[in-house]
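Protein sequences, first through last, are from chains A and B. Those letters in the first sequence? Residues 1 to 222, by the numbering used here. Those letters in the second sequence? Residues 223 to 317, by the numbering used here. Here is the structure we will look at, set down as structure tokens.
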Amino acid sequence: MSTALPMAWALSWRIADSSMSESDKDSVSNEYLLTDPKDWVKSHGDALFGFALRYVSDRTIAEDLVQECLLGALKARTSFSGGSSERTWLIGILKNKVMDHFRKSSRETPLNEPEQLSDTDDVDYVSSGPDAGTWQPNRRPSPWSVDPNDPVEQKQFWEYLKQCLEGLDQRLAKVYNMRDIQEIEYDEVCNVLAVTPTNLRVMLHRARKLMRHCLETNWIGA
Amino acid sequence: MMKLMMRMMNKVLPTCKEVSHLTSQAMDETLPWTKRLGMRLHLMMCVWCRRNSEQLQMIRDLARNQSASQTKEAKLSSDARDRLSRLLEQDDDKS
């Protein structure tokens, strides 16, 4: 009994404390915590540009997105809460601009076309009989004798990877690039491209399979 | 012999085709333990699926490493830098 009481008190105090700081954060604008917008390009320009490039490989589009982000940030300065660093705040705005960009472009070429994503695995696997579902003899993965730590091999790999990516269906290339090259979180890719998780899973599986096969024939077989 | 083993294995465990899906899925999320178990047992016995899985992982590791080092070096062109700085100054004057 004697220990339970102070503990309960401590707990209630902590809850009260955290809820108070939370409401403080919401109500106060901390614009003064931001640096002069004139310095933003110098201090954040490259980082923002690098971030945008992860989503869109086109440099011009990435530059445009950074521009929209900076102008947007300038307008939204007064609503800066101070809850995060200036860089994080700017990245958040940039992320929204990136999502707008993809929303616009997905209206032109929709990514969700499940009927085209139906089971096309058949070339890789035996489709019927007692061996159904096993690798077709000519599609079995062969051993790769590469040293992933060798810088020369890494360079070669990168060149072949880019080549293979160009040969990929545009939609597949996009998801593959985001997820497996630019290391964007799965949910984030779904979000940005407005694809369902199931469709993304199917698309990634196909893309990875095609990429592996392409690399095996061109890079390993070269 | 290998063939016979594959046939027997495909009766109880996920097939190569299914394992290929699971391998890819496991690169993005944690699989339910039943699926993970089936996949692991299959991978232990099937050299092709094992290669497939290892190679997919290697491709991704290499790709991410290469692109990360390039992103670090990404720099705005000096043209873009000037243009953006000017824009910010103009807009700042207005507001």
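Don't be surprised by glycine CBs; every beta carbon is placed ideally from N, CA and C.
The beta carbon of residue 87 of chain A lies closer than 7 Å to those of 44, 47 in the same chain, with the five residues before and after it left out.
Interface criterion not met: the Cβ of residue 195 of chain A is under 8 Å from no Cβ in chain B. The contact set of residue 55 of chain A on chain B, defined by CB atoms closer than 8 Å, is empty, because the minimum CB distance reaches about 11 Å. Counting the other CB atoms within 10 Å of its CB gives residue 165 of chain A a total of 16 or more, which places it among the buried residues.
When DSSP states are grouped into helix, strand and coil, residue 144 of chain A belongs to the coil group.
If you compare the alpha carbons of A:181, A:188, A:163, A:143 with that of residue 277 of chain B, the shortest gap goes to A:143. Of A:76, A:189, A:138, A:203, the smallest CA-CA separation from residue 170 of chain A is found for A:203. Proximity of residue 150 of chain A to chain B, defined by a Cβ-Cβ separation below 8 Å, is not satisfied.
With a threshold of 16 other beta carbon atoms within 10 Å, residue 52 of chain A meets it and is buried. Remark: C-beta atoms of residue 241 of chain B and residue 226 of chain B do not approach each other more closely than 8 Å. Interface annotation for the segment 252-281 of chain B against chain A: 270, 273, 274, 277, 278, 280, 281, criterion Cβ-Cβ distance under 7 Å. Annotation: Cβ neighbours of residue 154 of chain A in chain B (cutoff 7 Å, chain order): 284, 288.
Going by C-alpha positions, residue 303 of chain B is about 28 Å away from residue 83 of chain A. In this structure, the straight-line span from the alpha carbon of residue 66 of chain A to that of residue 50 of chain A is close to 10 Å. According to DSSP, residue pairing for residue 125 of chain A in a beta bridge involves A:135. According to the DSSP assignment, residue 151 of chain A belongs to the alpha helix (DSSP H) that extends over 151-167. Proximity of the segment 273-288 of chain B to the segment 202-216 of chain A meets the contact definition, three or more beta-carbon pairs being nearer than 8 Å. In the structure shown, residue 100 of chain A falls within a helical segment according to DSSP collapsed to helix, strand and coil. With the rule of 3 Cβ pairs closer than 8 Å, the segment 59-74 of chain A counts as touching the segment 90-108 of chain A. Under the DSSP assignment, residue 283 of chain B falls in the alpha helix (DSSP H) whose first and last residues are 269-295. The three-state reading of DSSP puts residue 130 of chain A in coil, since its state is none of H, G, I, E or B. A residue is called buried once 16 or more other Cβ atoms fall within 10 Å of its Cβ, and residue 195 of chain A is buried on that count. Here residue 63 of chain A is buried: its Cβ has 16 or more other Cβ atoms, across all protein chains shown, within 10 Å. As the crow flies, the alpha-carbon of residue 77 of chain A is around 53 Å from that of residue 217 of chain A. Closest by C-alpha distance to residue 58 of chain A, out of B:257, B:296, B:308, B:309, is B:296. Contact with chain B is found for residue 161 of chain A, since one of that chain's Cβ atoms lies less than 8 Å from the residue's Cβ. For residue 209 of chain A, the nearest CB of chain B lies under 8 Å from its own CB, placing it at the interface with that chain. Residues of chain B with a Cβ closer than 9 Å to the Cβ of residue 192 of chain A do not exist; the shortest Cβ-Cβ separation is about 15 Å. The Cβ of residue 80 of chain A sits no closer than 8 Å to any Cβ of chain B.
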